[in-house]
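Here the structure comes first, spelled out in structure tokens, and everything after it is commentary.
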Amino acid sequence: MVDIDAVRDWLGRLPGGSLAGQYVDDWDAFEKLDRPVVTLFGSYDTGKSSLLRRLLVDSGRDVPGWLTISARHETFEVHDVEVGECIIRDTPGFAVGASDIRAQNNSRRAMAAVGLTDVGIAGLTPQLATAERDMLQKLFTQGWPVGTMWFVVSRFDEAGVDPEYDLAEYRELGDRKVRELRELFDLDDRTPVFVVSQDPFQTAGPDTDLSRETWDDFRDWDGMRDLTDAIEAVSPSALPEWRHAAGQRYWTAVLDGTVIELRRQLADYTARAEVAASGVARRDGWESELDALDRAAHAGLDGLVEEVMRRSWEPSSGTDELQAEIQRTLDEWFTKHEVRLQRLRQSIRKTKERERARPSWAGFASLAATLGSGQDAATTAAGPRGVAEHVEKVGPMLIGMLKAANKAPGPTAGGKAGSAKAPRDLGRPIGIAEAVLPLAAYLANVFDEQRADRTRLNQDKAAAAKRQQVVTECTQRARDTWQPFVDDVREEIVAVTRDQVDLDASLRRLVEQLQKAVAEGESLLRLGTVPLHETRA
Ligand SMILES: Nc1nc2c(ncn2[C@@H]2O[C@H](COP(=O)(O)OP(=O)(O)OP(=O)(O)O)[C@@H](O)[C@H]2O)c(=O)[nH]1
Ligand SMILES: [Mg+2]
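For the sequence shown, the working numbering begins at -3 and goes up steadily by one.
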């Protein structure tokens, strides 16, 4: 037995919000119904809607507008009609293994409806269940009180024997199918099985404006009498027991469906969290590489100008040579370190390219786009009301949670450079021409002064001070030229890892919460799934 209160409580505490209210509302609406609910379900095109039309018309009722019949997927919603003492529900046919969303939604809707019924009628074609066997099997073993799960093998005029030509043979085939079906699902005699032709030879086809005479020619053999009698015999006397069983089925199905959805979300968000975490690690790695490069450049500059001055600050050597020597030395220094910056930049771009080519990137990028675009994810889930939609709300709930978490600018939002500016044109190579330090004018000026009184300057105490000033000034200019190149790479590092770093913390938190929710849901499932196998011998 599943602990319904515990399931409701758990649903109320899911990451990003609560699903409890919606499920509770649907359950309450069902529980309020004071007459037995009989639900038709099965694969699409098995003739569920045609069967309901037949029941309505035979009992002198109008066919409601929503009831449509065709050879395509036709019914997309769960609908009710009243027939005698019962409420009969038509459901969308499920398409087992279908990959398109609409078919999957139909399947989910149909499965969920089975939790909100007292009697279930599984419709099958004469080929019997093949693809949907596992799905049906899962339903049958979900705790149906004896006699509340029925089977209808329908459209039997198409089974291979024409009843108007050889009735005995037709009946014989019907009996054989019933035996086959009981074997297939391991059913005992307490499970009712009907063989019907609700619209022999498609006499009514898609029409809905019909009278009961339409099928008068077929009543002797179409099997509808037995089924109609059985439905008429359904009485509300057993409702309390049926509702209890339905509650167990319903909340187990809700729990099961939600756990499956949460597991799916957990897998997706784990992959995205890994992408985010790798971005954080990359940023750290690249920044410390950059810091090391920067430190090496500064270290390489220390004492460099002084050394040139000591070597060349001789009265004998021409000021032009000295000037050229300083310029040359600093250019060399700059080029050497700038090449290292370029290499780091290349490696960042290559790594990024590889990362973007990985399948995991797409999932992360689309999440980042959704969160960044400001589009309201909740609206994408809007659709017709129904039990199965609730589980589809898990995704938007999680997105909403992430949006809220990332609205407040986090400490990581700006990164070290603290700049929100877009990275510079990433393809632009910084050529050596640009790298030439703008020292020429300064040096020319300094040495012009020196030329004016070279001898005195050389002996003077002031000469040493002047020398030192030149050293300091040249070194500072070199540093000032270098710095923007470092900043540029730093900005690029921040920019290419921004989404990942920004989302890292909230994704990690979300994954933890999902793990917790899944674990809790799984333990509720383990406690609840003592299969009742009531339809089995
Ligand atoms: N030959 C024959 N055809 C039938 C019979 N009952 C229904 N059909 C045809 O079977 C097709 C499917 O019928 P529907 O009643 O729309 O089937 P459904 O199970 O409601 O389908 P979905 O709503 O898509 O799940 C239609 O083309 C009907 O005309 C029958 O007794 N005999
Ligand atoms: Mg239908």
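We treat Cβ as the ideally placed atom computed from N, Cα and C, and that holds for glycine. The model shown is predicted, which means the values in this text are computed figures rather than measured ones.
Of all the options the options, which has the alpha carbon lying nearest to the alpha carbon of residue i?
i	options	result
residue 348	492, 57 and 505	492
residue 276	39, 514, 501 and 524	501
residue 9	509, 33 and 485	509
residue 304	293, 317 and 295	317
residue 45	117, 31 and 65	65
residue 257	522, 513, 520 and 0	513
residue 202	67, 330 and 402	67
residue 254	6, 503 and 523	6
residue 120	301, 443 and 181	181
residue 351	43, 274 and 238	274
residue 401	461, 148, 184 and 503	503
residue 34	18, 143, 0 and 19	143
residue 0	456, 74 and 16	16
residue 242	108, 288, 353 and 188	108
residue 126	39, 516 and 282	39
residue 358	458, 29, 219 and 264	264
residue 488	74, 85 and 283	283
residue 188	171, 74 and 200	171
Ligand 2 and residue i: does the residue's C-beta get closer than 7 Å to at least one heavy atom of that ligand?
i	result
residue 45	yes
residue 201	no
residue 89	yes
residue 76	no
residue 24	no
residue 86	yes
If you measure from the CB of residue i, is any heavy atom of ligand 1 nearer than 7 Å?
i	result
residue 70	yes
residue 123	no
residue 195	yes
residue 42	yes
residue 58	no
residue 61	no
residue 117	no
residue 156	no
residue 225	no
residue 67	yes
residue 153	yes
residue 342	no
residue 150	yes
residue 534	This structure leaves residue 534 out entirely; the chain is present only between -3 and 533.
According to the Cβ coordinates, are residue i and residue j closer than 8 Å?
i	j	result
residue 367	residue 506	no
residue 262	residue -2	no
residue 177	residue 156	no
residue 114	residue 235	yes
residue 337	residue 474	no
residue 465	residue 272	no
residue 578	residue 63	With the chain covering -3 to 533 only, the question about residue 578 has no answer from this structure.
residue 232	residue 32	yes
residue 2	residue 520	yes
residue 333	residue 293	yes
residue 116	residue 146	yes
residue 58	residue 208	no
residue 149	residue 173	yes
residue 190	residue 153	no
residue 285	residue 326	no
residue 72	residue 131	no
residue 217	residue 159	yes
residue 435	residue 323	yes
residue 12	residue 396	yes
residue 27	residue 278	no
residue 43	residue 151	yes
Can you find a C-beta in chain D that's less than 8 Å from the C-beta of residue i?
i	result
residue 227	The structure shown contains no chain D; it holds only a single protein chain.
Closer than 8 Å is the cut-off here; do at least three beta carbon pairs connect the stretch 340 to 347 with the stretch 481 to 497? yes
Restricting to runs no shorter than 3 residues, where is the beta strand (DSSP E) found entirely within the stretch 214 to 245? none
Answer yes if the stretch 217 to 231 comes into contact with the stretch 73 to 81, meaning at least three C-beta pairs across the two stretches below 8 Å, and no otherwise. yes
Scan the stretch -3 to 25 and note each continuous beta strand (DSSP E) run of 3 residues or more that stays entirely inside, going in chain order. none
Does the stretch 194 to 202 come close enough to the stretch 42 to 55 to have 3 or more Cβ pairs within less than 8 Å? yes
The stretch 123 to 138 touching the stretch 158 to 166, judged by at least three CB pairs closer than 8 Å: no
Sufficient close CB pairs (3 or more, under 8 Å) joining the stretch 356 to 363 to the stretch 318 to 325: no
Does the stretch 267 to 274 come close enough to the stretch 470 to 479 that 3 or more CB-CB pairs lie under 8 Å? Flag = no, the stretch 470 to 479 and the stretch 267 to 274 do not touch.
Counting only runs of 3+ residues fully inside the stretch 125 to 196, write out the beta strand (DSSP E) ranges in chain order. 145 to 149 and 189 to 191
Complete alpha helix (DSSP H) runs within the stretch 247 to 314 (minimum length 4 residues, chain order): 300 to 308
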